[in-house]
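See structure below.
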Amino acid sequence: MRTDRARAHAGQVSSRLRVVYVDHCAQLSGAELALLRLLPALAEAVDAHVLLAEEGPLVAKLEAAGVSVEVLPMAEIARGLSRHRVQPGHLPGASVFHTARYIALLVRRLRQLRPDLVHTNSLKAGVYGSVAATLARIPVVWHAHDSLETDYLPPAAIRMVRAMVRHLPTMIIANSQTTRDRLGAPGVPTAVVPPPVHIEAVSRSRPAGSSLRIGMVGRLAPWKGQHLFLEAFARAFPDGTEQAVVVGAPLFGETDYEQALRDHVVKLGLSERVELTGFRDDVGAELEKLDVLVHASLITEAFGQVVVEGMAAGLAVVAAAGGGPAEVVTHDHNGLLYATGDVNALAAALQRVATDSGLRERLSEAARRRARDFTPEVVADHVVEVYRATARR
Ligand code: UDP
């Protein structure tokens, strides 16, 4: 499928930098939402065209934001290959074949579009997009949104990605220092640029006597730790009036996990005090109804946009002390950090914010100030600098 805008793009003469964005995923996952927020902020400097490898909700969102988008479909056996199946000498032959075929298609399309640079926005797109851009002789910016960890990716996949990032990109953008450090590409120019966040601060005044609302926002997946949050909530407030809200849906097939969470709520006897809302488009409206935002990932979070979103909304944020969240949050100043995966530490932090309204106000003030470092304007300026240092003109 190619939109009218895509056709217009091919013949358009523009003084703006012409950038083709490549992503294998059209779901509303973190990296894709980050792209959706970045492109409008870049509009003055960049003539953007997005090439996705599947149809999905991101297509309509990009179009609604005025972004040129095209779907160049990739065979599902290659596009949907689980990262856990990347093992030495055991890559499924059909996936390799269809990836190679796709690279050839992409090279042809990039030669038609002739952008100043290619920006790969997902790990898989980094793999096939950087090869295609290199073959088409176009500079490539590899945007790393994932932390290369053995608890997230098998060692063979990490070795393959590291070999590629060392040789193919002209420049790397890492979404945090953590992501940068774990990429293992010290010789490649790398800029640490966070994703943009544009959540409005809202008034946190609540009617006297209303129950405290503590929430988690993010896709439902075991490593995101929604079960840890529910367990800690149950320990912290066994018979209180506090409410827990879990915003998000499984995006990559984790429906069993969603059911397990619902069963867990019943088992904990919390059905009256816990709400699972499903996916919400307007996260700002959900944050407005909360007092405290919890981040509970069990493995190193590369960035964790929800943490900054909670801070921008002026919530008291309680986050796992590792990766991106620990780079953003200063403990006891603009949020609270607890030892990753430690249910008792999380329960204690929740009790602390719940019983001390002065602490919540202090954290909220400092969090709003910190969130200003992540506005789309600040981030877009940084990205344009990276592009100018990279693009062929
Ligand atoms: N999000 C959303 N609706 C939901 C749940 C999450 O729009 O129901 C958004 C959330 O606001 C954030 C993004 O999904 O912008 C998740 O990004 P994050 O970096 O926190 O995690 P990732 O999904 O990249 O691991």
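Each number in the numbering used here comes from the position in the sequence shown (counting from 1) with 24 added on.
Think of the CB as a built atom: it goes at the ideal place given N, C-alpha and C, for glycine as much as any other residue.
Predicted model only: the values in this text are computed from it and were never measured.
Could you check which residue in the options has the C-alpha nearest to that of residue i?
| i | options | result |
| --- | --- | --- |
| Leu254 | Leu57, Leu294, Asp71 | Leu294 |
| Ala415 | Asp287, Thr194, Arg376 | Thr194 |
| Gln250 | Ala128, Ile162, Ala320, Glu266 | Ala320 |
| Ala309 | Glu333, Asn368, Ser53 | Glu333 |
| Pro274 | Gln51, Thr265, Ala258, Gly328 | Gln51 |
| Arg190 | Arg206, Gly382, Gln201 | Arg206 |
| Ile127 | Gly150, Asp263, Val403, Arg109 | Gly150 |
| Ser261 | Thr279, Leu292, Arg286, Gly233 | In the sequence under discussion, the amino acid at residue 261 is Phe, which differs from the Ser named in the question. Checking every option, the nearest Cα to that of Phe261 belongs to Leu292. |
| Pro246 | Ala258, Gly277, Ile223 | Gly277 |
| Leu192 | Thr158, Leu137, Val367 | Thr158 |
| Ser235 | Lys248, Gly211, Glu266, Gln136 | Glu266 |
| Val298 | Leu285, Gly211, Ala160, Ala89 | Leu285 |
| Thr203 | Tyr176, Val221, His222 | Tyr176 |
| Ala72 | Pro81, Ile101, Val216, Ser92 | Ser92 |
| Asp315 | Arg412, Arg183, Gly211, Gly382 | Gly382 |
| Thr364 | Leu252, Ala118, Leu63 | Leu252 |
| Met188 | Val46, Ile197, Ala209 | Ala209 |
| His48 | Ala67, Gly242, Pro97, Ser39 | Pro97 |
| Ser154 | Gln136, Val185, Ser39 | Val185 |
| Val290 | Arg304, Ile182, Ala258 | Ala258 |
Looking at residue j and residue i, is the spacing between their C-beta atoms short of 8 Å?
| i | j | result |
| --- | --- | --- |
| Val70 | Leu41 | yes |
| Tyr281 | Leu322 | no |
| Pro219 | Asn199 | yes |
| His357 | Ala378 | no |
| Gln283 | Ala58 | no |
| Gly347 | Ser171 | yes |
| Val307 | Val271 | yes |
| Pro400 | Ala65 | yes |
| Ala55 | His169 | yes |
| Val110 | Pro178 | yes |
| Met335 | Gly302 | no |
| Pro349 | Val331 | yes |
| His20 | Ile101 | No answer is possible for residue 20: it lies beyond the span of the chain, which begins at 25 and ends at 417. |
| Leu134 | Ala99 | no |
| Glu296 | Ala337 | no |
| Gly105 | Pro116 | Residue identity check: residue 105 is Leu in the sequence provided, not Gly. Cβ atoms of Leu105 and Pro116: closer than 8 Å. |
| Ala268 | Gly239 | yes |
| Val410 | Ile197 | yes |
Any heavy atom of the ligand UDP inside 7 Å of the beta-carbon of residue i?
| i | result |
| --- | --- |
| Ser171 | no |
| Ser53 | yes |
| Arg243 | yes |
| Arg286 | no |
| Gly277 | no |
| Phe253 | no |
| Gln250 | no |
| Phe257 | no |
| Val330 | yes |
| Gly334 | no |
| Gly359 | no |
| Arg304 | yes |
| Leu57 | yes |
| Phe327 | yes |
| Gly419 | What is shown of the chain runs 25 to 417, which leaves residue 419 out entirely. |
| Gly90 | no |
| Val307 | yes |
| Val403 | no |
| Gly272 | yes |
What residue range does the beta strand (DSSP E) around residue i cover?
| i | result |
| --- | --- |
| His237 | Reading off the sequence shown, one finds Arg at residue 237, where the question assumed His. Segment 237 to 241, the beta strand (DSSP E) holding Arg237. |
| Ile323 | First-last for Ile323: undefined, no H or E at that position. |
| Leu71 | The question names Leu, yet the displayed sequence has Asp at residue 71. Residues 70 to 76. |
| Ala89 | Neither: Ala89 is in no beta strand (DSSP E) and is coded neither H nor E. |
| Asp315 | Looking at the DSSP string, Asp315 is not in any beta strand (DSSP E), and its letter there is neither H nor E. |
| Ile197 | 195 to 198 |
| Tyr362 | 360 to 362 |
| Gln267 | 267 to 271 |
| Ala340 | 340 to 344 |
Quick check on the DSSP output: the alpha helix (DSSP H) that includes residue i runs from which residue to which?
| i | result |
| --- | --- |
| Val367 | 367 to 379 |
| Met184 | 179 to 191 |
| Val131 | 117 to 137 |
| Met335 | 329 to 336 |
| Gly153 | 147 to 159 |
| Val408 | 400 to 414 |
| Thr202 | 201 to 207 |
| Glu56 | 54 to 66 |
When the Cβ atoms of the region 333 to 348 are set against those of the region 362 to 379, are three or more pairs found closer than 8 Å?
yes
When you compare the region 126 to 146 with the region 161 to 168, are there three or more beta-carbon pairs, one atom per stretch, that lie closer than 8 Å?
yes
Between the region 85 to 99 and the region 59 to 67, are three or more C-beta pairs nearer than 8 Å?
yes
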